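Enquirer:
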Amino acid sequence: MMHSAWRLTVAVGLAVLLVQGCAGVPHEVRSGFSLPDRASSPGEATFVSTQWRTDGSGEVGHAEVEARQAEVAWALARMWEVAGGEEQIGTVLVFTFWVERGAFTLLSQSRGAARGETGQPVRAESFMQGLRGLLTMLAEMRTGALSFTLHRERSRWRSDYEAASMEEPSEARKHPARRTDASVGTLLAVQAMTKQVVRVLQVPAGASARMMVELALEDDRLMGWKSGPYQAGSGGRGRPADARAEQVLTLAVLPFTRGLGPRTVRLELFGTHEGTSATSHWRVARVETLRPEPADEAVEDVLREYRLLHAEVFHRYREEMVDSVQLAGVFTLEQVALCVIGGLVGKGLHLAFEALAPTVMRVVTRGGVAGVRWLRTQLVRAGRKDQELLRRLFAKVETEGVGSLSAAERNELTELLRRMEQSLTVKLDPDAKRKLRAKAKSDFYNVLHPDLKQLLRDADGNQYDVHHLVPLEYAHLFPELDINAAVNLKALGKPAHEGVNKMWNLFRIKAGDSANPEQVKKMVAITEQQFGCWFNKVYEPGQSDALLEKATAAALNDVRALVAR
3 MMHSAWRLTV AVGLAVLLVQ GCAGVPHEVR SGFSLPDRAS SPGEATFVST QWRTDGSGEV
63 GHAEVEARQA EVAWALARMW EVAGGEEQIG TVLVFTFWVE RGAFTLLSQS RGAARGETGQ
123 PVRAESFMQG LRGLLTMLAE MRTGALSFTL HRERSRWRSD YEAASMEEPS EARKHPARRT
183 DASVGTLLAV QAMTKQVVRV LQVPAGASAR MMVELALEDD RLMGWKSGPY QAGSGGRGRP
243 ADARAEQVLT LAVLPFTRGL GPRTVRLELF GTHEGTSATS HWRVARVETL RPEPADEAVE
303 DVLREYRLLH AEVFHRYREE MVDSVQLAGV FTLEQVALCV IGGLVGKGLH LAFEALAPTV
363 MRVVTRGGVA GVRWLRTQLV RAGRKDQELL RRLFAKVETE GVGSLSAAER NELTELLRRM
423 EQSLTVKLDP DAKRKLRAKA KSDFYNVLHP DLKQLLRDAD GNQYDVHHLV PLEYAHLFPE
483 LDINAAVNLK ALGKPAHEGV NKMWNLFRIK AGDSANPEQV KKMVAITEQQ FGCWFNKVYE
543 PGQSDALLEK ATAAALNDVR ALVAR
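Okay, so the sequence shown: first residue is 3 according to my numbering, each after it adds one.
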């Protein structure tokens with residue numbers, strides 16, 4: 003039974019819109035030329051930093067100390083919300099958090115009930131006092147999953163903890179936050195959902211029942227829910243849930259909204275009916291964030307980088323109250339490309355765009371880091387207007403979700419993707435060539451080969467030219483090639499570059515506008531064969547002039563033979 007647009011509907015709809023071992027110890031005891039599938043060189047796997055802030059000192063500032071204290075207080079309060087209502091001796095509660103830089107992300111919680119006698123009341127102060135020091139210490143010392151097991155005894159809760167072995171979850175938060183309360187929008191959405199769920203909760207008289215509920219979350223937003231399997235014992239007429247069920251369910255769900263990215267949270271509800279009561283009593287037996295299938299290895303590096311960027315953006319938006327317009331102003335092209343690819347692949351929204359922009363979607367969803375750089379190159383050629391448009395749209399998507407885009411903004415995004423797809427097979431104009439050539443030289447010396455920045459200079463101190471093996475004027479023949487990829491960029495001393503230009507000038511004269519991809523590939527092969535010995539190397543005139551003259555003559559003969567076929 004569907005109670006809202008569930009994951010597939012949500013995804014398509016939004017797309018259309020666009021080591022430590024374990025040790026359980028009681029707490030009281032211890033207070034050539036091709037489109038690369040991946041990066042084509044080590045430098046090509048380097049992203050511009052996703053971090054805007056750095057103090058350079060490595061010290062934790064006052065604000066972060068306060069944020070870590072708030073995180074500890076939040077984790078304690080969440081545990082007490084559950085433990086405070088438990089009175090039966092022998093009840094066991096397990097909470098598993100991911101802890102990173104002092105930020106707590108709740109991954110799962112479960113309850114193991116025991117039909118023991120009722121214990122004495124436990125005060126919140128004594129419960130929290132026993133755990134606060136432990137959580138504070140662990141928040142400062144460790145990154146990873148921590149499981150806390152609470153045992154209800156006659157007059158107290160006894161706590162154990164252990165380090166849980168698991169990969170970093172995609173929803174893990176990276177920054178501690180002083181603002182720990184749910185937003186008004188989130189609270190209202192969860193309360194509306196719990197009202198709907200409670201309406202369908204029933205237990206046969208004198209029996210028990212179990213029901214699964216799955217929630218679709220994205221960041222702190224509840225996107226939808228669906229009811230899962232329902233099992234009940236035999237009994238009399240069904241009894242509806244009591245008045246406390248809504249509160250119990252709300253308190254169980256809200257902590258799981260403090261996470262990042264799209265995810266599914268599953269709740270296992272357990273209800274009982276006893277005696278002549280007109281209502282049934284429901285508890286939350288287990289809540290957990292489901293682990294998705296591992297991402298394709300080709301894009302996992304991109305998704306990991308994207309999650310870091312998204313965590314930073316979302317933290318600044320929620321904690322520091324920086325609006326999306328301000329954030330858009332500091333996005334680099336690399337970060338915009340990362341947001342587009344991470345947002346599409348990470349949220350499974352790319353399928354709806356395949357008909358509109360098949361080449362764009364094909365490259366960005368299979369290319370990993372190389373795909374990010376390919377998209378960055380397309381943004382360079384797109385020009386400032388489209389760059390600013392994409393910055394603005396994806397800053398909003400990163401902070402408020404794809405669903406926040408207005409109809410006008412959705413149309414802008416659709417038209418931008420359409421323009422990008424159509425431009426791939428159109429010759430570059432002079433302005434685009436100029437921008438791509440400048441970007442190629444900057445990337446070559448500052449990102450891909452910083453070790454050559456001072457080495458490859460002429461007698462006047464000027465850096466060598468950076469040559470495109472596939473020239474910019476033929477980029478339209480290879481729409482899936484990143485024309486500024488490392489594999490296509492070679493530094494050449496001026497004499498060697500002039501020799502290469504001579505052979506390409508001859509090809510242009512002979513082939514004219516009829517040049518085809520196969521001919522261009524063969525020209526690349528000739529370039530590599532005849533001039534490869536000078537790629538990314540110092541040109542020594544005395545040693546190379548005679549050899550260069552022979553290489554140029556041989557290259558010109560090869561070109562004549564090529565175009566004569």
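No residue lacks a Cβ here, since even glycine has one placed at the ideal position from N, Cα and C. Just so we're clear, the structure is a prediction, and the values are computed from it rather than from any experiment.
Any idea what DSSP makes of residue 209, helix, strand or coil?
Expert: Coil at residue 209, not helix or strand.
Enquirer: Pop quiz: residue 495 and residue 466 are said to be a contact at Cβ under 8 Å. What is the actual Cβ separation, rounded to whole angstroms?
Expert: Correct: roughly 6 Å between the Cβ atoms.
Enquirer: How big is the Cα-Cα spacing for residue 104 and residue 177?
Expert: In a straight line, the C-alpha of residue 104 is about 7 Å away from that of residue 177.
Enquirer: Using 8 Å as the threshold, is the stretch 399 to 410 in touch with the stretch 429 to 449, meaning 3 or more CB pairs across them?
Expert: The answer is no - the stretch 429 to 449 does not touch the stretch 399 to 410, with fewer than three Cβ pairs under 8 Å.
Enquirer: Return the first residue and the last residue of the beta strand (DSSP E) that residue 159 is part of.
Expert: Unbroken beta strand (DSSP E) run through residue 159: 159 to 166.
Enquirer: For a minimum of 4 consecutive residues, which ranges assigned as the alpha helix (DSSP H) are wholly contained in the stretch 353 to 432?
Expert: Qualifying alpha helix (DSSP H) stretches, in chain order: 360 to 368, 370 to 384, 386 to 402, 409 to 425.
Enquirer: Let me make sure I understand the geometry here. Which of 94, 482, 145 has the alpha-carbon closest to that of residue 153?
Expert: Checked all of 94, 482, 145; the closest Cα to residue 153 is 94.
Enquirer: Exposed or buried, which one is residue 445 when buried takes at least 16 other CB atoms within 10 Å?
Expert: Buried.
Enquirer: At what residues does the beta strand (DSSP E) containing residue 234 begin and finish?
Expert: 223 to 234 is the span of the beta strand (DSSP E), which, as asked, contains residue 234.
Enquirer: Out of 428, 478, 141, point me to the one whose CA is closest to residue 519's CA.
Expert: The shortest C-alpha separation from residue 519 is found at 478.
Enquirer: Under 8 Å: do the stretch 360 to 370 and the stretch 333 to 348 share three or more Cβ pairs, one atom per stretch?
Expert: Touching, yes.
Enquirer: Looking at the structure shown, is residue 188 part of a helix, part of a strand, or coil, going by DSSP?
Expert: Three-state DSSP puts residue 188 in a helix.
Enquirer: What residue ranges within the stretch 247 to 278 form continuous alpha helix (DSSP H) runs of no fewer than 4 residues, ordered along the chain?
Expert: 247 to 255, all fully within the stretch 247 to 278.
Enquirer: By DSSP, does residue 324 sit in helix, in strand, or in coil?
Expert: Coil, per DSSP.
Enquirer: For the beta strand (DSSP E) containing residue 468, name the first residue and the last one.
Expert: Where residue 468 is concerned, the enclosing beta strand (DSSP E) stretches over 467 to 470.
Enquirer: Under the DSSP definition of a beta bridge, which residues are partnered with residue 204?
Expert: DSSP, once it has assigned bridges, lists 242 as partnering residue 204.
Enquirer: What would DSSP say about residue 155, mapped onto helix, strand or coil?
Expert: Residue 155 falls in the coil class under three-state DSSP.
Enquirer: Around the C-beta of residue 23, are 16 or more other C-beta atoms found within 10 angstroms, so that it is buried, or is it exposed?
Expert: For residue 23, the predicted model reports a pLDDT of 33, less than 50, meaning its position is unreliable; a value from the coordinates is still stated below. The residue in question, residue 23, is exposed, as its Cβ has fewer than 16 Cβ neighbours within 10 Å.
Enquirer: Check whether the stretch 131 to 149 touches the stretch 230 to 241, counting contact only when three or more Cβ pairs, one atom from each stretch, lie closer than 8 Å.
Expert: Touching, no.
Enquirer: Assuming residue 568 contacts residue 326 (C-beta within less than 8 Å), just tell me the rounded distance between them.
Expert: Only positions 3 to 567 of the chain appear in this structure, which leaves residue 568 out of reach.
Enquirer: With 16 other CB atoms within 10 Å as the buried threshold, where does residue 127 fall?
Expert: It is exposed - the Cβ of residue 127 has fewer than 16 other Cβ atoms within 10 Å.
Enquirer: Report back the beta-carbon spacing between residue 174 and residue 102 to the nearest angstrom; my notes put them in contact at under 8 Å.
Expert: Residue 174 to residue 102, Cβ: 6 Å. Contact.
Enquirer: Is the CB-CB distance between residue 82 and residue 129 below 8 Å?
Expert: In this structure, residue 129 lies closer than 8 Å to residue 82 by Cβ.
Enquirer: In whole angstroms, what is the alpha-carbon distance linking residue 193 and residue 255?
Expert: Approximately 10 Å, taken between the alpha carbons.
Enquirer: Go ahead and pull the three-state DSSP assignment for residue 492.
Expert: In this structure, residue 492 counts as strand in the three-state DSSP scheme.
Enquirer: Going by CA-CA distance only, name the one from 215, 516, 386, 338 that's closest to residue 373.
Expert: If we check each option's Cα against that of residue 373, 338 comes out closest.
Enquirer: Determine, using beta carbons only, whether residue 1 and residue 214 come nearer to each other than 8 Å.
Expert: Nothing about residue 1 can be reported from this structure: the residues present for the chain run from 3 to 567 only.
Enquirer: Could you check the C-alpha separation between residue 389 and residue 328 for me, to the nearest Å?
Expert: Approximately 15 Å, taken between the alpha carbons.
Enquirer: Write down the C-beta distance between residue 455 and residue 447 rounded to the nearest angstrom, noting that I regard them as a contact closer than 8 Å.
Expert: Contact holds; Cβ gap of about 4 Å.
Enquirer: Pick out whichever of 511, 159, 334 has its Cα sitting closest to the Cα of residue 121.
Expert: Looking at the Cα atoms, 159 is the closest of the given residues.
Enquirer: Which whole-angstrom value describes the C-beta separation of residue 252 and residue 196, a residue pair presumed to lie in contact below a C-beta threshold of 8 Å?
Expert: 5 Å between Cβ atoms; contact.
Enquirer: Below 8 Å on the Cβ atoms is my guess for residue 485 versus residue 468; work out the distance and round it to an integer in Å.
Expert: So it is not a contact: roughly 12 Å between Cβ atoms.
Enquirer: Please state whether the Cβ-Cβ distance between residue 210 and residue 135 is less than 8 Å.
Expert: Their beta carbons are not under 8 Å apart, which means residue 210 does not touch residue 135 by this criterion.
Enquirer: Between 387, 521, 428, 299, which lies nearest to residue 414 when the distance is taken from Cα to Cα?
Expert: Ranking 387, 521, 428, 299 by Cα distance to residue 414 puts 387 first.
Enquirer: What's the gap between the Cα of residue 377 and the Cα of residue 547?
Expert: Near 39 Å, if we compare the C-alpha coordinates of residue 547 and residue 377.
Enquirer: Go through its chain and collect everything with a Cβ distance to residue 598's Cβ below 6 Å, but skip five positions before and after it.
Expert: Summary: the structure shown does not reach residue 598, with the chain confined to residues 3 through 567, and so no result is reported for it.
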